[in-house]
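Chains as they are written, first to last, in the numbering used here: chain A, 3 to 321; chain B, 53 to 345. Where a beta carbon is used, it is the ideal one built from N, C-alpha and C, also for glycine.
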Amino acid sequence: MTRYLTSPGLRYVVRRVLLSIPVVLGVVVVTFLLLRLIPGDPARTLLGLHAPPAAVAALRHQLGLDEPIWRQFWHYFDGLAHGNFGTSIYYQAPVASVIAPGLPLTGSLVLVATFFTIVITVPLAALAAMRHDRASDHAVRLFSLMGLGLPSFWFGIILIVLFSLDLHWFPVGGYGTSFWAHLHSLLLPGLCAAIGIVPVLIRSLRVGMLEVLSADYVATARAKGLRPSRVTFVHVARNALIPTVNLLGINIAYLIGGTVVIERVFALNGLGSAMLTAIDNRDFPVVQGVTLVYALGVIVVILITDLVTARLDPRIRLR
Amino acid sequence: MSAAVTPAVGLAEPEHEVTRRPSVRSRALHSPIFMAGTILTATIVALALLAPVIGRYSPVSQDLLHTLAGPSGAHWLGTDEIGRDIWSRLLYAGRTDLQVGLLAVLFPFTFGVFIGTVCGYFGGRIDTIVMRIVDVVLAFPFYVLIIALVFVVGVGTHGIYIAFGLTDWVIYARTTRSGTMVARNLDWVAAAEGGGLSRTRVLWRHILPNTITQAIVYSMSDIVLVILAVVTLGYLGLGIQPPAPDWGSMISDGQNFIQTNQWLAAIPGMAVVLTGVGLSLLGDGLADILRPE
């Protein structure tokens, strides 16, 4: 055991996992405080002005509002520790049972979107960096510039009109029943979610690659007379991969958040739809639960990308 | 480079001693990116401000005899499903969205720069606490947190300001903090402190003017992000409330007629894209001309 802990790699993993614990606690506190931000009496606000007093009193009790705040927090925290996310006001069922069915869909959507993000970003950024200040560089920069202000839901509507209504290549919405149908129906939404972060990523990665290309070890490799393709793949690509994974980690939260509206556009019943439906129903505990699940998801994904970067870059894990 | 002749030549030709860097104004005028961004953004802002003059119709007045009309002399961009003039709605929507985007960034900018400067210069316990809060806010997917906040504090402009006020300062705080930490260790800051200037004076008169450029440059992309979020909230029905026009709700209304009247959803979307291009060019241009040598 002690021998393993002295390995710098494992020590990094342990330290990194421990560092995310305060963030998890902070996220729990923030979602707890959401209820407190509701103006006036939250139970009254959620049920509307015409709700009978008995119903308001019952909801106040269900939300724990008749207790001191530290006790409310303890109940919330204790419940979460036991996998209890609260009770849906609208369905009168555990929040976990309302949001769990959407998880696989949203997870798959994020995976497909990440795939598209990498497949679009890396070649375009590499092309722009290698052909610095030439026509293809300018084309890539113009493309990413146009994308910065592109509303992803609007782009989704365009994709539906073009590929679903006109060409009939994809379903207009829904998720299908088999694995291939799932994948098929997630291609357009995935592309759409990817486009939300691709422009920012291309711009940053292009700069990162330009830095790598002007590094001394690349000049050395060239001066040694190595073949250009070897320099590109062995010296440049490996070092440019690190900023790519790193940038992906920083922007993944934005990508995941973007899927909420994309699920609405493509009529997908994932976590995002669960959240928007709960908002329509004024079902606070479900909104709170979904928000928490999203944040926990982001924390796990960022943890994974950090560990992957450390694996790729010995400078980080040996620090 | 012979040392013997240098003094004489130096005195004879003083104008060759210093090559002055061109002024900010001259750099601005010679930056095509900055000029393109300024012209595009200024045009969009002018169109939005002039909405009451050039809109020709009220954005909410209905004309049920001329619904879903195509572009014509009377209605330059046609009318929507209840006969409202699309050109007028487009301009008024721009007015609302640009205004909300700009105002929503003001507080986060000011507060974030302030707290980032304080944390970066003084460090210590406040710094640790603030940076943990920043980490927690950034753990939430941006849209999820904004949607949840708008839901709890109430939909509409009011909710948007509160939601962005609570979350958007973190990026400003983080970048200003790291800029301040770098500046704190520079020679001229040490010189100013050594010369007996008070810490507050050094902080606000010597460090802040140098760190704020980064925040200004970022604020351009931030306004784009906020406008995108406002439009997205409008599309979801959680943003600017009807009948006030907003690009997002215009797209959402137009989506119902996507197979027959595609321009209804297409036009407001293009307005958002153009605004994004203008502000992003402006940000890139600012980054170029304000970059310290």
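Exercise for review: Taking residue 296 (chain A) as the query, report the chain B residues whose CB atoms sit under 8 Å from its CB, ordered along the chain.
Suggested key: By 1-based counting over the first sequence, the position of residue 296 (chain A) is 294. Near residue 296 (chain A) (Cβ distances below 8 Å), the residues of chain B are 192, 193 and 196.
Review point. Using CA coordinates, which residue listed in A:16, A:10, A:252 and A:165 is at the minimum distance from residue 304 (chain A)?
Key: Counting from one through the first sequence, the residue named residue 304 (chain A) turns up at place 302. The residue with the shortest Cα to Cα distance from residue 304 (chain A) is A:252.
Check your understanding: If we count Cβ pairs, one from each stretch, closer than 8 Å, do we get three or more for the region 101-111 of chain B versus the region 127-144 of chain B?
Key -> Here the region 101-111 of chain B lies against the region 127-144 of chain B, with 3 or more beta-carbon pairs under 8 Å apart.
Practice item. Work out the CA separation of residue 219 (chain B) and residue 184 (chain B) for me, nearest whole Å. Key: Counting from one through the second sequence, the residue named residue 184 (chain B) turns up at place 132. Counting from one through the second sequence, the residue named residue 219 (chain B) turns up at place 167. A direct Cα-Cα distance of roughly 13 Å separates residue 184 (chain B) from residue 219 (chain B).
Exercise for review: Would you please verify whether the beta carbon of residue 143 (chain B) is less than 9 Å from any beta carbon of chain A?
Suggested key: Position 91 of the second sequence, counting from 1, holds the residue named residue 143 (chain B). Chain A, which has no Cβ nearer than 9 Å to the Cβ of residue 143 (chain B), makes this no.
Exercise for review: Report the neighbours of residue 173 (chain A) on chain B: residues whose CB is nearer than 9 Å to its CB, in chain order.
Suggested key: Here residue 173 (chain A) refers to the residue found at position 171 when the first sequence is read from its first residue. Under the 9 Å cutoff, chain B gives no residues; its nearest Cβ is about 16 Å from residue 173 (chain A).
Exercise for review: Output, in chain order, the set of chain B residues within a Cβ distance shorter than 7 Å of residue 93 (chain A).
Suggested key: In the first sequence, counting from the first residue as 1, residue 93 (chain A) sits at position 91. By Cβ distance, chain B contributes nothing, its closest Cβ being about 18 Å from residue 93 (chain A), past 7 Å.
Point to revise | Given residue 2 (chain A) as reference, the closest of A:130, A:279, A:12 and A:110 once Cα atoms are compared | key: Limits of chain A in this structure are 3 at one end and 321 at the other, which puts residue 2 (chain A) out of reach.
Practice item. Please confirm whether residue 227 (chain B) and residue 168 (chain B) have their CB atoms less than 9 Å apart. Key: Along the second sequence, read from residue 1 onward, the residue named residue 227 (chain B) stands at position 175. Along the second sequence, read from residue 1 onward, the residue named residue 168 (chain B) stands at position 116. Yes. Within cutoff.
Practice item. Check whether the Cβ of residue 287 (chain B) lies closer than 9 Å to any Cβ atom in chain A. Key: Counting from 1 along the second sequence, the entry for residue 287 (chain B) is found at position 235. So, interface residue.
**Study point:** Per-residue contacts from residue 94 (chain B) into chain A (C-beta, under 8 Å)
**Key:** Your numbering for residue 94 (chain B) matches position 42 in the second sequence. Simply none; closest approach about 16 Å.
Check your understanding: Is the Cβ of residue 292 (chain A) closer than 9 Å to any Cβ of chain B?
Key -> Locating residue 292 (chain A) in the first sequence gives position 290, where the first residue counts as 1. At least one beta carbon of chain B lies nearer than 9 Å to the beta carbon of residue 292 (chain A).
Exercise for review: Report the rounded CA-to-CA distance for residue 286 (chain B) versus residue 300 (chain B), giving the unit in angstroms.
Suggested key: Here residue 286 (chain B) corresponds to residue number 234 of the second sequence, with the count starting at 1. Here residue 300 (chain B) corresponds to residue number 248 of the second sequence, with the count starting at 1. The alpha-carbon separation between residue 286 (chain B) and residue 300 (chain B) amounts to approximately 5 Å.
Practice item. Using only alpha-carbon positions, find the residue among A:174, A:216 and A:147 that is nearest to residue 237 (chain A). Key: For the purposes of this step, residue 237 (chain A) is taken as residue 235 along the first sequence, with counting starting at 1. When only C-alpha atoms are compared, the closest one is A:216.
Check your understanding: Going straight from the alpha carbon of residue 154 (chain A) to that of residue 214 (chain B), what length do you get?
Key -> Along the first sequence, one-based indexing puts residue 154 (chain A) at 152. Along the second sequence, one-based indexing puts residue 214 (chain B) at 162. When rounded, the distance between both Cα atoms is 24 Å.
Exercise for review: Go through the region 248-328 of chain B residue by residue and report every complete run of the alpha helix (DSSP H) that reaches 4 residues or more, in order.
Suggested key: Within the region 248-328 of chain B, the complete alpha helix (DSSP H) runs of at least 4 residues are 260-288 and 299-307.
Practice item. Using beta-carbon positions only, say whether residue 317 (chain B) and residue 306 (chain B) come within less than 9 Å of one another. Key: Here residue 317 (chain B) is taken as the residue at index 265 of the second sequence, counted from 1. Here residue 306 (chain B) is taken as the residue at index 254 of the second sequence, counted from 1. Taking 9 Å as the cut-off, the Cβ atoms of residue 317 (chain B) and residue 306 (chain B) count as close.
Exercise for review: Return the Cβ separation of residue 175 (chain A) and residue 268 (chain A) in integer angstroms, given the expectation that the two are a contact with Cβ distance under 8 Å.
Suggested key: Walking along the first sequence from the start, residue 175 (chain A) turns up at place 173. Walking along the first sequence from the start, residue 268 (chain A) turns up at place 266. Right, the Cβ-Cβ distance comes to about 5 Å (below 8 Å), so this counts as a contact.
Exercise for review: Consult DSSP for residue 179 (chain A) and reduce its assignment to one of helix, strand or coil.
Suggested key: Locating residue 179 (chain A) in the first sequence gives position 177, counting from the first residue. Taken through DSSP and simplified to helix, strand or coil, residue 179 (chain A) comes out as coil.
Exercise for review: Could you run through the region 145-159 of chain A and flag, in chain order, every residue whose CB is less than 7 Å away from some CB of chain B?
Suggested key: Per Cβ criterion, the list reads 147, 148, 150, 151, 152, 153, 155, 156 and 159.
Practice item. Counting only the same chain and skipping the five closest in sequence on each side, list residues whose C-beta sits under 6 Å from that of residue 233 (chain B). Key: For the purposes of this step, residue 233 (chain B) is identified with residue 181 of the second sequence, where counting begins at 1. If the five residues before and after residue 233 (chain B) are omitted, its C-beta is found closer than 6 Å to the C-beta atoms of 172, all from its own chain and listed in chain order.
Review point. Hey, does residue 122 (chain B) have any beta-carbon neighbour from chain A nearer than 9 Å?
Key: Locating residue 122 (chain B) in the second sequence gives position 70, where the first residue counts as 1. Put simply, the CB of residue 122 (chain B) is far from chain A, with every gap to its CB atoms at 9 Å or more.
Practice item. Can you give me, in chain order, the residues of the region 234-247 of chain A that have a beta carbon less than 8 Å from any beta carbon in chain B? Key: The residues in question: there are none.
Practice item. Let me know the secondary structure DSSP gives residue 80 (chain A) once reduced to three states. Key: For the purposes of this step, residue 80 (chain A) is taken as residue 78 along the first sequence, with counting starting at 1. Helix.
Exercise for review: Return no unless some Cβ of chain B is closer than 9 Å to the Cβ of residue 3 (chain A).
Suggested key: Walking along the first sequence from the start, residue 3 (chain A) turns up at place 1. Any reading at residue 3 (chain A) must be qualified, since the residue scores a pLDDT of 46, below 50, and its modelled position is unreliable; no value is offered.
Review point. Grouping DSSP H, G and I as helix and E and B as strand, with all else coil, what is residue 228 (chain B)?
Key: Sequence index remark: in the second sequence, residue 228 (chain B) carries index 176 (1-based). Residue 228 (chain B) sits in a helix when the DSSP states are folded into three classes.
Check your understanding: Smallest Cα separation from residue 35 (chain A): which of A:187, A:291, A:203 and A:313?
Key -> Reading the first sequence from its first residue, position 33 is the one you call residue 35 (chain A). Of A:187, A:291, A:203 and A:313, the residue nearest in Cα terms is A:291.
Exercise for review: Could you confirm whether any beta carbon from chain B is found closer than 9 Å to the beta carbon of residue 10 (chain A)?
Suggested key: Here the question's residue 10 (chain A) lines up with position 8 in the first sequence. Residue 10 (chain A) has a beta carbon lying at 9 Å or more from every beta carbon in chain B.
Check your understanding: Can you round the beta-carbon distance between residue 115 (chain B) and residue 131 (chain B) to whole angstroms, since I take them to be within the 8 Å contact cut?
Key -> As a position in the second sequence, residue 115 (chain B) is number 63, starting the count at 1. As a position in the second sequence, residue 131 (chain B) is number 79, starting the count at 1. The distance from the Cβ of residue 115 (chain B) to that of residue 131 (chain B) is about 7 Å, consistent with a contact at the 8 Å cut-off.
Point to revise | Selection from B:277, B:323 and B:291 that minimises the alpha carbon distance to residue 335 (chain B) | key: On the second sequence, position 283 is the one that residue 335 (chain B) refers to. Among B:277, B:323 and B:291, the Cα nearest to that of residue 335 (chain B) is on B:277.
Check your understanding: Does the Cβ-Cβ distance between residue 254 (chain A) and residue 311 (chain A) come in under 9 Å?
Key -> Position 252 of the first sequence, counted from the first residue, corresponds to residue 254 (chain A). Position 309 of the first sequence, counted from the first residue, corresponds to residue 311 (chain A). Not a contact, by the Cβ cut-off of 9 Å.
Check your understanding: Considering only the beta carbon of each residue, do residue 190 (chain A) and residue 172 (chain A) sit closer than 9 Å?
Key -> Numbered from its first residue, the first sequence carries residue 190 (chain A) at position 188. Numbered from its first residue, the first sequence carries residue 172 (chain A) at position 170. Taking 9 Å as the Cβ cut-off, residue 190 (chain A) and residue 172 (chain A) qualify as a contacting pair.
Review point. Taking residue 146 (chain A) as the reference, which of A:289, A:122, A:164 and A:235 has the closest Cα?
Key: In the first sequence, residue 146 (chain A) corresponds to position 144, counting from 1. Closest option to residue 146 (chain A), Cα to Cα, is A:122.
Point to revise | Cβ contact (3+ pairs, closer than 8 Å) linking the region 271-283 of chain A and the region 94-107 of chain A | key: With contact defined as three or more Cβ pairs closer than 8 Å, the region 271-283 of chain A and the region 94-107 of chain A are in contact.
Exercise for review: Return the CA-CA distance between residue 126 (chain A) and residue 333 (chain B), expressed in angstroms with no decimal places.
Suggested key: In the first sequence, residue 126 (chain A) corresponds to position 124, counting from 1. In the second sequence, residue 333 (chain B) corresponds to position 281, counting from 1. Straight-line Cα distance between these residues: approximately 20 Å.
**Study point:** Backbone CA spacing between residue 223 (chain B) and residue 160 (chain A) [nearest angstrom]
**Key:** Residue numbering aside, residue 223 (chain B) sits at position 171 when the second sequence is read from its first letter. Residue numbering aside, residue 160 (chain A) sits at position 158 when the first sequence is read from its first letter. If I take the Cα positions, the gap works out to 32 Å.
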